[in-house]
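J.: Numbering (mature numbering (1 follows the signal peptide of the UniProt record, and there is no 0)) for the sequence shown: -23 to -1, 1 to 378.
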Amino acid sequence: MACAFSSVSAFSAVLNWAPSAEACLIQYGLGTGGRFTTAAEVAGGACKFTALNLRPSQTYRARVVTARHGVVVAQGEFVTRSRSDSDIAAMYESLRGDGGELDATDLDEEAHDALIDALGAVAKEGDVVHTAITVHGSVRHARATVALPGGEVVARPGDHLLMPFARRGDPCSVTIKSASGDGMLFEYCPDDDTVIVAGVRHQVGDRFVCFGQSAMIARGSIVVAFTNSVTATYPHSATLASKATTQGTTYFNAVSMSSATFTGQQTLGQTGKTVQSHYVYHPSNGTTQEIARHISSVASNQQDGTYSLGLSHADGASTFIDPVIQCARDETRFTSSDATTTVNSSFTKAGLSFDNADAALYLGANKEFRLKFTAGTGGTNYLSIDALVNGSYVTKSSFSN
């Protein structure tokens, strides 16, 4: 049976065939003698598939075969459009799902760039495109609303805006509006791939403040990502802030509020902090006991914030508050202790690390497996994979340096 082809562009084509009751493999090959490559598996009853990341002006053979027995259900041949007559509009519409949103996450770099170059001409107002972006070195998926050249679009916290900025296109501008109606012009300069906002030139990857929100120009697609992560303005007068550390003490039995503001004081060149301590009162003997302490601080440079949580524990006749969680922008540290040992586990962008060679990673709901490092003698170290057998760990595999 013949396979029909529609919406053929320079980089894509839609395959259509009479549905089969069985699950099928979609295969296509480059040229009349090229080997078939399986692109996807579709469920029984499917009758359409969009082939992406093709190359311009090429002949492709395509076929649909049953996944279990390899019986040919449909096959055919088509030629992609040329680069100069690419019909990106056909590819754009082929990305549109049943709900109206478009999924461009599987496009390779060449097809993706071609889509962005033509975005202003093929997109419709209000279109939503799922695309891959890079933020702080991490690739993530973004659900972005398309902004049209010369148009206006509203940005709220959590929004992503797919901008019609093309390196091979003309200078372009978009007006971003806040929820309250204020506008800010984003001007794109294709000569150096920069965006001018409020007179300041930003490169792709920069982060800045826009309408009191954090805005980032992410890589991949030029997506402006908005988050509500800008430091808040103090909600009271400066006079009140200056008195917060000198006022007297007031006692309450119960307090109900929608928000609370803790105000500390910072001397120039020193660390500033606020402290929240939690106590329990023992009526039997009239004593109080601190059980937890939260410390939020800012470094002497008035820029870098940190946070720590400490919990009480008894050690002999004394009780201490020891930190169990310490957070900075570049590291989060968890501290675990028993009577003899303290181990710090740190998460950074490089990964997870321990400061004690006896620490291990446990896998499974009942810790059925253990990944453990052992420091040996003479500089020989070991990494073992252990299994829990009859209550004890048995090494199943090990490696050394």
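No residue lacks a Cβ here, since even glycine has one placed at the ideal position from N, Cα and C.
Being a predicted model, the structure only gives us computed values, none of them experimental.
1) Have a look at ASN321, GLN243, VAL232, ARG133 and flag the residue whose alpha-carbon is nearest the alpha-carbon of SER273.
2) What are the partner residues of ASP358, as DSSP defines its beta bridges?
3) Do we get a CB-CB distance below 8 Å when we pair ALA364 with the residues of chain C?
4) Do you know how far the Cα of THR57 is from the Cα of THR9?
5) In whole angstroms, give me the CA-to-CA distance for residue 379 and ASP90.
6) Taking the straight line between their C-alpha atoms, what separation do you get for VAL106 and VAL201?
7) With H, G and I counted as helix, E and B as strand and the rest as coil, what does DSSP make of ASP94?
8) State the Cα-Cα distance for the pair THR27 and THR122, rounded to the nearest angstrom.
9) To the nearest angstrom, report how far apart GLN190 and ALA132 are at their CA atoms.
10) Can the beta-carbon of VAL130 be found less than 8 Å from the beta-carbon of LYS101?
11) Give me whichever residues DSSP pairs with ILE298 in a beta bridge.
12) Determine the closest residue to ILE363 out of LEU7, ARG347, SER369, ALA352, with distance taken between C-alpha atoms.
13) Can you name the start and end residues of the alpha helix (DSSP H) that ALA175 belongs to?
14) Considering only the alpha carbon of each residue, which of ARG306, ALA305, SER313, VAL50 lies closest to ASP299?
15) Just verifying my parser: in three-state terms, what is the DSSP assignment at SER71?
16) Can you tell me the Cβ-Cβ gap for ALA81 and SER(-17), rounded? I've got them flagged as a contact below 8 Å.
17) Near THR309, which residues of its chain fall below 6 Å by C-beta distance, leaving aside the five closest residues on each side in sequence?
18) Considering only the alpha carbon of each residue, which of PHE229, PHE331, ASP315 lies closest to SER322?
19) How far does the beta strand (DSSP E) with LEU338 in it reach, from first residue to last?
20) Do you know offhand how far HIS271's Cα is from GLY246's?
21) Please go through the same chain and pick out, in chain order, the residues whose beta-carbon is closer than 8 Å to the beta-carbon of CYS(-21), but skip the five residues on each side of it.
22) What are the boundary residues of the beta strand (DSSP E) that includes ASN(-8)?
23) Express the C-alpha separation of LEU365 and ARG144 in angstroms, rounding to a whole number.
24) Cα separation between ALA17 and PHE297?
25) Tell me whether ALA81 counts as near the ligand COA, meaning its Cβ is closer than 7 Å to at least one heavy atom of that ligand.
26) Roughly how far, in whole angstroms, is the beta-carbon of GLY128 from the beta-carbon of VAL151, given that I think they are within contact range, below 8 Å?
T.: Short version:
1) Taking only the C-alpha atoms, the option nearest SER273 is GLN243.
2) Inspection of the sequence shows that residue 358 is occupied by Asn rather than by Asp. According to DSSP, ASN358 bridges with ALA352.
3) Structure shown: chain C not included; a single protein chain is present.
4) 14 Å
5) No answer is possible for residue 379: the residues shown for the chain start at -23 and end at 378.
6) 13 Å
7) helix
8) 22 Å
9) 9 Å
10) Contact flag unset, no.
11) The bridge partners DSSP lists for ILE298 are SER289.
12) Note that residue 363 is Asp in the sequence shown here, rather than Ile. Selection LEU7, ARG347, SER369, ALA352 evaluated against ASP363 yields ARG347 as nearest (Cα-Cα).
13) That residue, ALA175, is in no alpha helix (DSSP H); it is neither H nor E in DSSP.
14) SER313
15) Looking at SER71 - three-state DSSP - the assignment turns out to be helix.
16) Not quite, the Cβ-Cβ distance comes to about 15 Å (not below 8 Å), so this is no contact.
17) PHE324
18) PHE331
19) Annotation: the continuous beta strand (DSSP E) that includes LEU338 extends over 337 to 340.
20) 23 Å
21) Taken in chain order, the residues that qualify are LEU(-9), ASN(-8), TRP(-7), ALA39, ARG40, VAL41, ALA51, GLN52, GLY53.
22) -11 to -8
23) Taking the straight line joining both Cα atoms gives about 57 Å.
24) 60 Å
25) This structure simply doesn't include the ligand COA, nor any ligand for that matter.
26) Right, the Cβ-Cβ distance comes to about 6 Å (below 8 Å), so this counts as a contact.
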